[in-house]
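K.L.:
Numbering (UniProt numbering), first residue to last: 1 to 1073.
All C-beta atoms in this analysis are idealised placements derived from N, C-alpha and C, irrespective of residue type, glycine included.
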């Protein structure tokens, strides 16, 4: 009987799946027969993809398997033609698939195709397209296309929902903020360049036209118009709070009091946040109405029982400053904020500093900086520096610049550029070039105008070699995108330098600097190089060939052939394959054969000359193979005896990987030995540039090893060493640091840590890896932060062209499941299987399958669907884990109608080696779900000899849930005697806290709570409080009417800096009383 019940469940699932397959096939065939080719094209494309990758041989039904990866709860009983609703669903699926590509163009192309094919569209369809614009629109691009889609939706007679109104309003507000920032940036750039660059009338007119076009977008006006439409439609109460706040924010920036009050009046029945009041305070400060600003400030203070937010006080400070009341602003910062225990930041101080500097009161600004209650940042020193630059006070600017460098300057580009320009005005281009180097260390880069002026300043002073060096340095600092934008200026500057040069070696240095940035050699420079070469020979073949291709003096084929054949005779270095092909393309067949034959002979000679490097690479690979085999002692021996003793420089890339792998394996001592040996070789035998790169790679690897072993003290030392080199860790190192922090530190919000590291890596333009994204997404998943997890999953593919692997899918599916998003979880699971069949040949792992089973067991109980994913697991020959079986036991024993026979059959006959957690599942089900203490006790007595915490936890939960607290205390004492190495997990203690609270034994609850610790590094056996512990104690107090004590526990919880969402759920318990 046990077997038949379980089998019946699974067979039932398979029967429904088969019915769905047949119905789906019939629908497709009927659709094709009806003359409409729209759905046929979609079906054929999907089927052909599936056929090319499927290994099944069960006939035509397999083509429809794509639609069965997530089976519907109620399959149709008979085949039907697609209805309008079905057509809309298919259209939505196509658009969502296009959206997942991460390109707005793909979405719009699919949208246009769907409309041409006559699909029935509804508000949801348009919402998908509009949402694609909000998430995929390139920053800086106007809203024209999105507004066209919206107008088209209205023209189709589709009513706008509150969600779409919110989406459109937020998008328009975001675009308005972009426009205002762009306008301010253009004005600042114009001011900086004004003293150095002669702007043509045409260029000036273009800049003015750009400003007029930006200002003419009227995004805030359009957003307010949509708000009025929502009001007329009677759905403003359904708008998202963020839409109100964003609208108030941009209206505040424009000083539109009537518009802002119009919006605020519709919030009468809605809760107002600190963001709401900050926007209103900013608004009235901007228009000079300080009394109204104070009214809303007082309203905020009276409406909150918590510690006021700092940004509301910052808004008040800003309002005082805009109304000219600087003394009151200063009093707010120095007295009101501390008196009200508001967390102070540099932001209100910096607002006052900017005000002082705008009114030429720099000395007062410096005094304020010296007396700040928090450490000044770059935004504290920056305005003062810029003020002294504007005042042309070089000595004071030098002092402030030194202070600025002691802070994080990654967001202080404008101030750095102002100081560099001041250095040039005072004839010190070397100092300006030092500023560029400081920018590089902060992952900043000079703009084209500043770069040009530094180089030209050297040139005007007759410092030719310094000008060439400056050209090379600025190009090396600039990103490829910036170089592309700056190409005309850089090329013009290079020609100016060439005009002042007489020697070929200097001309080659200018060309080399350009080629380092992948820039073409300008024609004028190429002509000079070719002419000088014919008088003075050199062996710099790459530059000579590039010059030959770009010059005007070798336009006829014979002269070009003569020149390159002459260059080949003196070649001593290899050239790129691309350059070889371009030269061959210019030669006739005869000369091409001669040149290529000579080149091949020369390259063969070069290979013989490169023998030591080949030896180095070969031996270094032996080191790597030894580490892979787990023989790190042999790896160290090879490094010491075969490389270092013979003075062969280890291959940096290969040794980098060997050091990192040894560290990951836990062989830190051996990794250190290899690291130290290689460091000495690099520093003694390589030139400075190559040595620096090799040292960086090795240091990055040893950092990874320490971080992954949880040794964050040493990891931090190597992190600092890398920063001192002027670099930052790579993506894998950042991911390892995140893993190490979770292991070793008292971290309470791993998701916050993950986002901090992610932002730092992004800020420093660190190229991310799949491993990096896997770690960050996993941390976000753990904290149930679905939106950022999905954003990063999309970003890694769209921006960095990284292919998610099975681990990535496991992490993002976990995020969906934890956040309760069934649609996202099912979609990504299906996508994972499809990629597995297609180009992604990673081995499937158990995690995603367990996640889906767990979702349908615990979050949306549905035994049939849980069993479906179990069958999928078996289909792909994945061995079920202990957790898989635990979930199946839960599916049978905790989801009604209960099937305890199937549960016992699974335990007794399917699970080869039952574990304590499996018995604990049955104890919990009998005791807490079925309220059958007798059966729970029987199972407990059967396995209590295993002395496992999870079994005791289940029994304690049973007793406490059935109001048998005295027995629970006895079982707890028994557990304490028998289990001497109890873990630090507080879940058992949480149960007792719950029981004590329900019984009214508050003193016992307090004693138990205080025996626990907040320190993860406490001695073994100490129970460490987790968020659930604080929640249990708060509930205990609330159950006994002790609200003040519950608030004290909440305060202690907040001091632990747990995730805001976790703390908010506990705070909500208190607010409910």
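1) Candidates 787, 1013, 687 and 812: which alpha carbon is nearest residue 778's?
2) Distance check for residue 284 and residue 292, CA to CA, integer angstroms please.
3) Using 8 Å as the threshold, is the C-beta distance between residue 968 and residue 993 below it?
4) Check whether the Cβ atoms of residue 442 and residue 409 sit closer than 8 Å, and answer yes or no.
5) Give the DSSP-derived three-state secondary structure of residue 1024 in the structure shown.
6) What is the DSSP secondary structure of residue 670, reduced to helix, strand or coil?
7) Count the other C-beta atoms from every protein chain shown that fall within 10 angstroms of the C-beta of residue 562, then say buried if there are 16 or more, exposed otherwise.
8) Please classify residue 68 as buried or exposed, where buried requires at least 16 other C-beta atoms within 10 Å of its C-beta.
9) Where do the N-terminal and C-terminal ends of the alpha helix (DSSP H) with residue 161 fall, by residue?
10) Counting only runs of 4+ residues fully inside the UniProt repeat "PPR" (377-411), write out the alpha helix (DSSP H) ranges in chain order.
11) Would you mind sorting residue 265 into buried or exposed? The rule is 16 or more other CB atoms within 10 Å of its CB.
12) If you measure between the beta carbons of residue 388 and residue 400, is that distance less than 8 Å?
13) Residue 255 lies in the alpha helix (DSSP H); which residues open and close that run?
14) Can you find the residues in the same chain that come closer than 6 Å, C-beta to C-beta, to residue 735, ignoring five residues on each side of it along the sequence?
15) Let's test the definition: count the other Cβ atoms within 10 Å of the Cβ of residue 1065 and tell me whether it reaches 16, buried, or not, exposed.
16) How many Å lie between residue 127 and residue 157 at the Cα?
17) Less than 7 Å between the CB of residue 256 and some heavy atom of the ligand COA, yes or no?
18) Following the continuous alpha helix (DSSP H) through residue 439, name the residue where it begins and the one where it ends.
19) Per DSSP, what are the beta-bridge partners of residue 1013 in this structure?
20) Does DSSP put residue 538 in a helix, in a strand, or in coil?
21) In the DSSP assignment, find the unbroken alpha helix (DSSP H) run with residue 789 in it and report its ends.
22) Tell me the DSSP secondary structure of residue 766 in three-state form.
23) Which two residues bound the contiguous alpha helix (DSSP H) that contains residue 654?
24) Am I right that residue 683 and residue 691 are in contact with their C-beta atoms under 8 Å? What's the rounded C-beta distance?
25) For residue 950, which of 99, 436 and 916 has the nearest alpha-carbon?
26) Does DSSP classify residue 1061 as helix, strand or coil?
27) How many whole angstroms separate the CB atoms of residue 1082 and residue 551, which I take to be in contact at a CB cut-off of 8 Å?
28) Taking the C-alpha atoms as reference points, what is the distance between residue 163 and residue 300?
29) Figure out for me which residue from 485, 375, 790 and 498 has the closest Cα to the Cα of residue 459.
30) By a C-beta neighbour count over all protein chains shown, 10 Å radius and 16 as the cutoff for buried, is residue 640 buried or exposed?
31) Could you say which of 455, 920 and 669 lies nearest to residue 953 if we only look at CA atoms?
32) Evaluate the contact criterion for the stretch 752-771 versus the stretch 688-704: three or more CB pairs, one atom per stretch, below 8 Å.
33) With a Cβ-Cβ cutoff of 8 Å, do residue 918 and residue 911 count as a contact?
34) Would the beta-carbon of residue 754 fall within 8 Å of that of residue 790?
35) Are the stretch 498-510 and the stretch 473-489 in contact at 8 Å, needing three or more beta carbon pairs?
P.N.:
The answer reads as follows:
1) When each option's Cα is compared against that of residue 778, the closest is 812.
2) Computed Cα separation, rounded: 6 Å.
3) Going by C-beta atoms, residue 968 is not nearer than 8 Å to residue 993.
4) Yes. Within cutoff.
5) Reduced to three states, the DSSP call for residue 1024 is strand.
6) Correct three-state label for residue 670: helix.
7) Its Cβ having fewer than 16 others within 10 Å, residue 562 is exposed.
8) Because residue 68 sits at a pLDDT of 29, beneath the cut-off of 50, its placement in the model cannot be relied upon, and the point is left open.
9) Unbroken run through residue 161: none, as it is neither H nor E.
10) The qualifying runs are 378-390 and 394-404.
11) Taking all protein chains in view, the Cβ of residue 265 is surrounded by fewer than 16 other Cβ atoms within 10 Å, so the residue is classified as exposed.
12) Their beta carbons are under 8 Å apart, which means residue 388 touches residue 400 by this criterion.
13) Counting along the chain, no alpha helix (DSSP H) covers residue 255, and no H or E run does either.
14) So the list reads 771, 772 and 775, once near-sequence residues are dropped.
15) The C-beta of residue 1065 has fewer than 16 other C-beta atoms within 10 Å across all chains shown, which makes the residue exposed.
16) Straight through space, the alpha carbons of residue 157 and residue 127 are spaced by roughly 14 Å.
17) Among the ligands in the structure shown, none appear at all, so the ligand COA cannot be discussed.
18) Residues 429-441.
19) Paired residues: 1024.
20) Three-state result, residue 538: coil.
21) Bounds of the alpha helix (DSSP H) holding residue 789 are 786-798.
22) Residue 766 carries a coil assignment under DSSP once its states are collapsed to helix, strand and coil.
23) For residue 654, the uninterrupted alpha helix (DSSP H) run begins and ends at 652-664, by DSSP.
24) Right, their Cβ atoms sit about 6 Å apart.
25) For residue 950, the nearest C-alpha among the options comes from 916.
26) Collapsing the DSSP output to three states places residue 1061 in a helix.
27) In the structure as shown, the chain starts at 1 and stops at 1073, and residue 1082 therefore has no counterpart that could be examined.
28) Cα to Cα, residue 163 sits roughly 28 Å from residue 300.
29) Considering only alpha carbons, the answer is 498.
30) Label assigned to residue 640: exposed.
31) For residue 953, the closest alpha carbon among the candidates 455, 920 and 669 is that of 920.
32) Because the criterion of three Cβ pairs below 8 Å is not met, the stretch 752-771 and the stretch 688-704 do not touch.
33) For the 8 Å CB-CB criterion, residue 918 and residue 911 form a contact.
34) In this structure, residue 754 lies away from residue 790, with their beta-carbon atoms at least 8 Å apart.
35) These segments do not touch.
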